[in-house]
Amino acid sequence: MSKTHDNNAEAVIGIARRTGPPFLLFSSMLTAALVFSQTMVLPVLARVEAGGQRRDVAELHDYEQSLHARISSLEYKRDTLILPIQDESYRRLMSRKQARLSLDVVDAAIREIAESFVTEGGNVVAVMETDVSYRDRTITIRGDVRNVGTRSMTVLAQFTEKLKGLHFARSVENPRYVRLRDESVGMHSPFVIVIHLP
Amino acid sequence: MKNVAHLHGLIRHGSLGIMGLLLLALSTVLIQEHIRVVQSIREEAIPLVATLPALEQRVAVLEEQVEMTELQSALRVGSQEERMRVYVLPDEIDTDRVVSTFDVIGDVLKQRGIAADVASVSFGDLTVAVDMFKRNVTLRSALSREGVRELLTLIDLSGTLTVADALTDGERTELYEYVERSNPAGIADIEEFLSTDIMEYMAEGRSYEQKMLRSFSDETLSNAILNVIHSSRLKDAKRLLGGPMGAVLNDQQLWPMPLMTLEEVRLKAGGAPGWFEAEVHIAIFQRNS
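What follows is the structure in structure tokens.
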């Protein structure tokens, strides 16, 4: 047993003695070639010509960012110089005016929804007062649902729901739902609905 | 004893192999780095290089345009700035002028049958507004739906002095994009057009438009530019300021109007269908002088 063990050990040592030097030679040559490529060849090949200079990937990204920044700056300068009146306060107020929601758009949209509720008895949703406050960014609608008998609160709920779909409405406060009886009008539901603008 | 000798032998002859293995491991790392660099060239550098010439071209065009606008700006006589400081954003609000303006507007709308007499014009206190002072004005009148629209359009047009002021930032940007695409040097003609006094444009709009378009031979592009102009607030301006309203305001020397912003509008259904008791709250401004 001991002799077999000695023979195996000597065989392994023999293999190691014969293969060690060539293996080390191969590994060191391969590593040297790769280090040479990494330090001398790749940096040259990985650069491309842009804006009169050779740049690597990181430098290309920086160059692209600098071009975008230059474009924004030039656009701003051109847009400012081209205007005949460059007074800052004037430009700010005029821009603010242009951004305001048009009352025409508001009125038309609300009327379209109100007029979609019609019966044989006539218009169902009567909008009696519209208050658009650009200061508070709200639209307050005061009106009455009538000519639908005991369904007036249901119709009011449907009207409110449709107002929530308006493109300029950030949110719509639910009105107080009441049903009253009037000698001339019959059952009706007066309402106050507040629409909040963005 | 023999085992120790075997171990020494193994270590002495195996160390070369171990060093070889370590160098092989380092080579693997270097090969991975090579792959990463090649991938970044393929996935980042090549697409970037494809987009850069267009950006460089845009910079060149914009630099040329800025140079031209700087020159035009230096040559421009500043009369509109002066009118703006005297009438539109003055050092002190001229309340008489404001009342007269609404009186005249009310008269013209009444003649058209879309408004009753102006019931009242009331002024609030002066308050601070960023870098200026503002005063609230409340106007009460009975108006038809069309009367409301015309009054609010006029308030919207107040403070407008030139064609540029009647266009939104987005509309002006659209014009610049058309110019860049076809003839960057045409920016000078666009600038001249934008500087046109709004009342002069009302009187001879077509000739100013033709003069602006002389730099653009492409008919499709010219039509696109005209489309931007004709679908802007200039359309409303033409309807109102190009007609009796503009003529009266001019004759009474009430144009340009002070700059007004709409703060609140209350419309209460009036006696007749389609008519309203209107309460309009506006703000007018004076400089922080």
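Protein chains in written order, with this note's numbering: chain A, 1 to 198; chain B, 199 to 487. Backbone N, C-alpha and C define an ideal beta-carbon position, used for all residues, glycine too.
C-beta atoms of residue i and residue j nearer than 8 Å
i       : j       : result
S342(B) : P84(A)  : no
S430(B) : A364(B) : yes
E378(B) : L74(A)  : no
V257(B) : I113(A) : no
M359(B) : I388(B) : Residue identity differs from the one stated: residue 359(B) is Leu in this sequence, not Met. Not closer than 8 Å, so no.
D495(B) : N425(B) : The question about residue 495(B) has no answer, for chain B in this structure spans 199 to 487.
H479(B) : T325(B) : no
L42(A)  : V235(B) : yes
A202(A) : D56(A)  : There is no way to answer for residue 202(A), as the model of chain A reaches only from 1 to 198.
I216(B) : L34(A)  : no
Y285(B) : P456(B) : yes
V124(A) : V118(A) : yes
L67(A)  : E254(B) : yes
Start and end residues, alpha helix (DSSP H) containing residue i
i       : result
N448(B) : 442-449
D104(A) : 103-115
Q98(A)  : 88-99
D136(A) : From DSSP, D136(A) is part of no alpha helix (DSSP H); its letter is neither H nor E.
T366(B) : No alpha helix (DSSP H) contains T366(B), which DSSP labels as neither H nor E.
T418(B) : 417-428
Assigned exposure category for residue i - 16 Cβ within 10 Å defines buried
i       : result
K97(A)  : buried
I15(A)  : exposed
A476(B) : buried
A50(A)  : buried
H428(B) : exposed
T31(A)  : buried
K332(B) : buried
F36(A)  : exposed
L221(B) : buried
D182(A) : exposed
D354(B) : buried
A481(B) : buried
Y90(A)  : buried
Residue span of the beta strand (DSSP E) that contains residue i, given as start and end
i       : result
V326(B) : 313-327
A383(B) : From DSSP, A383(B) is part of no beta strand (DSSP E); its letter is neither H nor E.
H167(A) : Counting along the chain, H167(A) falls outside any beta strand (DSSP E), and DSSP gives it neither H nor E.
N334(B) : 330-342
P190(A) : 186-196
T459(B) : 458-467
I480(B) : 473-485
Proximal residues of chain E, C-beta to C-beta of residue i below 8 Å
i       : result
M397(B) : Looking for chain E here will not work: the only protein chains present are A and B.
As assigned by DSSP and simplified to three states, the class of residue i
i       : result
L120(A) : The amino acid occupying residue 120(A) in the given sequence is Glu; Leu does not appear at that position. E120(A): coil per DSSP, three-state reduction.
D395(B) : strand
D301(B) : helix
G143(A) : strand
E173(A) : strand
Residue i CB to nearest heavy atom of the ligand MG below 7 Å
i       : result
P175(A) : Absence of the ligand MG is noted for the structure shown, with no ligands found whatsoever.
- Query: Contact between the stretch 277-291 of chain B and the stretch 408-425 of chain B: three or more CB pairs below 8 Å?
  - Reply: no
Taking contact to mean at least 3 C-beta pairs separated by less than 8 Å, is the stretch 449-469 of chain B in contact with the stretch 127-144 of chain A?
yes
Q) If you pair each beta-carbon of the stretch 261-271 of chain B with each one of the stretch 291-306 of chain B, do three or more pairs fall below 8 Å? A) no
Three or more C-beta pairs below 8 Å linking the stretch 341-356 of chain B and the stretch 302-316 of chain B
yes
Q. Can you find at least 3 beta carbon pairs, one from the stretch 401-409 of chain B and one from the stretch 119-138 of chain A, that sit closer than 8 Å?
A. no
Please confirm if the stretch 283-296 of chain B is in contact with the stretch 100-110 of chain A, defined as three or more CB-CB distances below 8 Å between the two stretches. no
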